[in-house]
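Take a look at the structure below.
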Amino acid sequence: MSYTYESTGANLNPITMTDGNGHTTEYSWDEYGNLLSVTDPTGVRTTYTYNARQELISITNGVGDTVHLEYDKHGRIVQVRDALGHVTSTHWNSAGQLASVTDAAGSRWSLTYPELAPEELHVPAFVRQSDTHRARDTSRPIGQLPVSLTDPYGHVTHFEYNNGNQITAVTDPLGRTNRAVFDAWGNMVKTINALGAVTNYEYDGLSQLIAVTDPLGARSEFDYDLAGEISQITDATGVVTHRAVDRRTGKETTSSGGILGSSFRHVDYLGRVIIEGENNTQNFASSQPVRRASQNSKSSSASPRNSETVTEFTTYDAAGNPVETLDAHGGLTRRTYDAANRLIREVSAAGRAQTFDYDQAGRLRRIGVGLSVPEQKPTVGENVEWEEPTAWAYTTLTYDAASRIIARTYPDGTTEHTTYDALGRIVRVQHGARTATYAYDRCSRLIRMSDNSAGTRRFIYDAAGQLVTAVDALGYRTHFEYDAAGQMVRTLDATGQVTTYIHDAAGQLIRTVKGAGSTAEITSTYTYDAAGRLLSENNGERTRAYSYDYQGGGLLASLSVNGVCAAEYSYSSGASSIGHRTVTVRDYASASALRVRDSSAFAGTEKPYLEHRFVYDSSDRLISRSRSGFLRSDDQSNAHADDDIHERLHALNTFIKTGAYTLTYSYDADGYLITSVTPYAKSTRTVDGAGRTVAVTTHATGQPAHDVISSVFSYDPLGRLTRIRVGDMVSSWTHERTTGLISDYVREQVLADVRGFEESKVLERTQVIRDHNGRVIGLDSTGSDTSPDGLVLYSYDDAGQLVGARSASHVWEWEYTAGVMMRERVFALDSSNGSERSVADSRVLEGERIFTHNEANQLVAVEARAYAGARGDAGELAAHTITEYTYNLAGERSGEVTTDKLTGASYSREYSWGAYGGLTSVTDSISSRAGISRTSLISDAVGEVSAVSDGEGITVPLMWDARSDIPHLLGAGATNAPSSDGGFSQAGIPGGVTPWHTLNVPGLTGSTFDSTLGNTPGLPTDWGVPSANATPIPGLPTGFEFTGAGSLRVAGLDMLGARVYDSPSRRFLSTDPKAAIAGSSWFADVYAYAGNNPLEYVDPRGERPMTVADYRKYQSQEGERFMQQSLRFLALVGVIGSLFIAPTSILLAGGVGFISGAANGAADGMDFHTPTAISTGIKCRLTPFRKAGKKHSQPHS
């Protein structure tokens, strides 16, 4: 970098600066040495002006937007006015101290200072600050620091200081005081929170922190090298992390035990990272001790070159811009910059291109994404060049005078508008029919938010800024209480249900009681090790105990349930391939359950187990998932397959007979899935420049090599899926121009006649009718595969809950109290004598159900009535049943009994739950029939249903897609799961007059029910009980069904990831493992399905509902893999990071996304940039597995 100066030498400031690429930035100065302008190499110019006192008074950017500054006579800034005219002002007291700040919205923050004693007023400042004077009085701090801060509402926070000007106490507006103690060197040696919990800090003679002891006595230690940098960290359980720096070579090495292994990086003399990698000198196993990294440069250089794997190599241009990055798989990403060193083009390792344009102020103006499938140019040598994309999608950004993005124009021409208030806070976001608005109090806390689906929610805070009340769109209130340390200790929902939380001195949640004080309390308790890892959790039904390998990096080693070992975990790295990591789970609990059902299973094995194995490459992408066999097979053939086709056929036979299988995945250079191999098929994908799958070629196992199924996917300019063709089946979706939402769906079969001409047969067509808010208010379905309901109209309450559905012959109504369903009614429409259907007199009540709940909002009874005489005699009962429900101590449904009050007949169902909290059996018995039917399930250690058995002895193993974040069933036994396009919503919403069930697979019938109620004309079949006469699918257990949502239904129950859904009762069988969103209508009901709006929300994972738009985003984003149940807490950080397990109730108490979901979900699935999320004090340490697909770099706007 070089500089030039004026030839006169009068100005000592440079007038040009030329970077290493030869690009020159120009500076101009006035005669006083004030900077007047800066012009970058691309011509972007920023100018500065000054007043007569040489004070900066304005700054103007390249498009003329100007910020003005004003000063008082003492040269202090008193006003800043931005380019939009918004003013922030400051006030100073007579002593020259900042007294207050008034923001652009008129909110005033004030500071007060201590008054000097009378004798101090006559002592000059330089004397008061001298050592001699300070020795006479050390009772107060040196200088004049603020002793209080008053917020715009008059709430005061007080500060205390020691004589070193360090804050020793902070007292919040509620009178809660946190204190700090310092030693003579100014090191903080102790903190005491408002509850009296003490944390101690220790230092060495160089004031380096060497130990921290928490309030429970857990001690973490730190060591340093001769340069004063941390060289070792030892946590309270003895887990050690080493760090060594070779300053001669610039190599930094970090090492831990187990699979965490050892990583390194090289930095150049400018501190830039040029190489990152891993050491592979050992195959670290969880039982092996940690090898301390050497800090000796000679020993480091003596290591063999092949002991290190470079995972990333970066080169820089002369101006210091990273221009090339070479990853562990040989993929090269190239970047190009303009003369001002702004990124203007990036070509990924797989040839996907992005471009970036900037405006005259240097702000990002346009982003271009190449859409065509990347193609290589013919190359000579090792350099790979890519063809220029033939199609592009551009997104354009528009700014206001304050350089805030106010509009995003997307590739399809639609625009998203964002409005800000005077403080730059987002107050409105609008895209098509979707609008979200936000309001804030004078302390910038979110107090009101409104969107199209959930209505308006309000939030109230106490003087300390803690959320104390959330009000949903219907006015129902939820209250929150906190202890002196700011930890949530109590919630009171709108139904009067109380949940309490107890924390230990270290702030860890140790006990939760849901329904506290009621007869239906659900109590969970937790213990932790000294480093905060979860050691045990007891939910009343089962006690889970976790052990960790402390020499192996503190990773999870085993899980015991009620004192019996349920699962063991092991980890290895670099065993078969350099850079690969393997996680192995030995599942003893599932094997034990299988042996109970079949004594011949695992014959000859003393301690049987299922083995699950996950293999990840050096980029943490899943490349293999396998499971050992568990079914008894009489075929002991181990014939080796000599080609790919026969190998997959052998794998399928093995899976059918034993349940063992292996899934393999491969990726392109950008991390997008290109090949997947299962026992059922081998699929190859084509991915375009935007990362979208545009074609899939599938070869089914057992079919001739030339017999493949081709799938083609089409998208609109915004990237929305518009058409799928799989073989002769075509699905298409039309999006409304202004709203961007689906307005029409067609599924058809394309048939070729004898002349080769194609004809299409429409199987289903659905027109989606929406209101001005974009909500679905009508579905008009026609075609051979549709329901007979025809046109159905829907209505909602102000909170977005579904309250009504109307077809040509019937009207349905649903009633809620504080988000808990209380009543369901169906009316017949009488159109005789020309009466209009909208007239209340034309409605005749045909049936109703009344839902009764206990104090914990658990459904305890449903009374159903069907009335005879659908044309007038509504008072006579045609059927009358009462179903009563029971629960275990964990809040899981344990049984139900349905009694026919007219005949006395009864039907009962019992549920049992396994070691991992999954459903393991459903037992049905009917008094009027002989025998008992029983369906059994194996819910395994990784959160999947491994097998299903019926009472006839049919057991079928199941296979799930290991990469899918949303549970996706691949097949059951010999039956490959049928495909489904997700219907009109692309998310599996069924539609119809009662959209409370999951979508059925087109062409397959759903669950059958049998009872007097269920067979009453006009009433839904699911008001009855599961029929024993249901026709099973050949080769599958009785009651087994595939669903159109990609999962399965067993005994009428939908398996939706973490939970089981019972559509007749409109509820899940267990509580939601994640907290509801504060201010949501369903906050009080942890059993609710789809947020009480199954047309706008889905629950595919059984973990808090998501919008349809969010669901489609999950489908389009590749590889985000969360291992469920025990493995869901396993964190891959870098390679695979330190593991923390969080209690389930931490999520219920306000862990991940507790209230933050309110802000982030306010826009209801739109890609809005929402305000900062509200948060509570309860934290949860959860880290997901990395995404497989890499995201392109995005410059800052």
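Numbering follows this note's numbering, with no gaps: position 672 of the sequence shown is 1946.
Even glycine gets a Cβ: it sits at the ideal position worked out from N, Cα and C.
Following the continuous alpha helix (DSSP H) through arginine 1869, name the residue where it begins and the one where it ends. 1862-1871
For the segment 2045-2081, which segments carrying the beta strand (DSSP E) assignment without a break, of at least 3 residues, lie completely within its bounds, in sequence order? 2050-2056, 2065-2070 and 2076-2080
Just the Cα atoms here: how many angstroms apart are leucine 1992 and glycine 1642? 12 Å
Tell me, please, which residues DSSP counts as bridged to isoleucine 1930. In the DSSP output, where bridge partners are listed per residue, isoleucine 1930 has none listed.
Would you kindly check if the distance between the Cβ of alanine 1747 and the Cβ of threonine 1730 is under 8 Å? Taking 8 Å as the Cβ cut-off, threonine 1730 and alanine 1747 qualify as a contacting pair.
For tryptophan 1303, would you say it is in contact with chain C, using Cβ-to-Cβ distances shorter than 8 Å as the test? Of the protein chains in the structure, only one exists, and it is not chain C.
So, helix, strand or coil for aspartate 1520, using DSSP? strand
Less than 8 Å between the C-beta atoms of glutamine 2075 and asparagine 2366, yes or no? yes
Sequence-distant residues of the same chain with beta carbon closer than 6 Å to serine 2276, five excluded per side: In the sequence on display, residue 2276 carries proline and not serine. Excluding residues within five positions, the ones whose Cβ falls inside 6 Å are Asp2059.
Local Cβ density within 10 Å of alanine 2358, reported as buried at 16 or more and exposed below that: It is buried - the Cβ of alanine 2358 has at least 16 other Cβ atoms within 10 Å.
Residue from Gly2353, Arg2375, Phe1433 and Val2360 with nearest C-alpha to arginine 1722: Gly2353
Beta-carbon proximity list for threonine 1711, same chain, < 6 Å, skipping 5 on both sides: Arg1702 and Ser1724
Where proline 1596 falls: helix, strand or coil (DSSP): If DSSP states are grouped into helix, strand and coil, proline 1596 belongs with the strands.
Residues bridged to cysteine 1717 [DSSP beta-bridge criterion]: BP columns for cysteine 1717 are empty, so no partner.
Distance check for tryptophan 1660 and alanine 1964, CA to CA, integer angstroms please. 15 Å
Whether histidine 1429 touches alanine 1759 by CB criterion (8 Å): no
Per the contact definition of three or more C-beta pairs closer than 8 Å, is the segment 1537-1552 in contact with the segment 1520-1527? yes
Following the continuous beta strand (DSSP E) through asparagine 1367, name the residue where it begins and the one where it ends. Where asparagine 1367 is concerned, there is no enclosing beta strand (DSSP E), given that its DSSP letter is neither H nor E.
Mind checking who arginine 1816 pairs with in its DSSP beta bridge? According to DSSP, arginine 1816 bridges with nothing at all.
What is the DSSP secondary structure of alanine 2364, counted as helix, strand or coil? helix
Cβ separation of histidine 2009 and aspartate 1981, assumed to be a contact under 8 Å, to the nearest whole Å: Contact flag wrong, Cβ pair sits at about 35 Å.
Between leucine 1617 and arginine 1609, which are expected to be in contact by the criterion C-beta below 8 Å, what is the C-beta distance as a whole number of angstroms? 6 Å
CA-CA distance, glycine 2048 and glycine 2078? When rounded, the distance between both Cα atoms is 17 Å.
With distances taken Cα to Cα, identify the nearest neighbour of alanine 1819 among Ser1481, Leu1809, Gly1827 and Asn1813. Leu1809
For the putative contact between alanine 1840 and leucine 1833, defined by C-beta atoms under 8 Å, what is the C-beta separation to the nearest angstrom? 5 Å
I need the straight-line Cα distance from arginine 1922 to threonine 1583, nearest angstrom please. 33 Å
I think threonine 2209 touches serine 2195, with their Cβ atoms under 8 Å apart; what is that distance to the nearest whole Å? 7 Å
Tell me whether the beta-carbon of threonine 1752 lies closer than 8 Å to the beta-carbon of alanine 1728. With respect to alanine 1728, threonine 1752 sits apart: the two C-beta atoms are not nearer than 8 Å.
Cross-strand partners of asparagine 1474 (DSSP beta bridge): Paired residues: Lys1464 and Thr1487.
Judging by CA-CA distance, which residue of Leu1947, Thr2272, Leu1490 and Trp2297 is the nearest neighbour of alanine 2236? Leu1947
Judging by CA-CA distance, which residue of Tyr2070, Glu2032, Ala2189 and Leu1448 is the nearest neighbour of tyrosine 1735? The residue with the shortest Cα to Cα distance from tyrosine 1735 is Leu1448.
CB-CB under 8 Å to threonine 1261, same chain, minus the five flanking residues each way: which ones, in chain order? Given a span of 1275 to 2471 for the chain in the structure shown, any question on residue 1261 remains unanswerable.
What is the rounded straight-line gap between the Cα of arginine 1678 and the Cα of valine 1354? 17 Å
Closest residue to valine 2382 among Ser2337, Ala1501 and Tyr2371 (Cα-Cα distance): Tyr2371
Out of Gly2191, Ser2061, Gly2030 and Val2042, which one is the CA nearest neighbour of leucine 2343? Gly2191
Is the distance from the Cβ of glycine 2472 to the Cβ of alanine 1867 below 8 Å? An answer regarding residue 2472 cannot be provided, because it is not within the stretch 1275 to 2471 covered by the chain.
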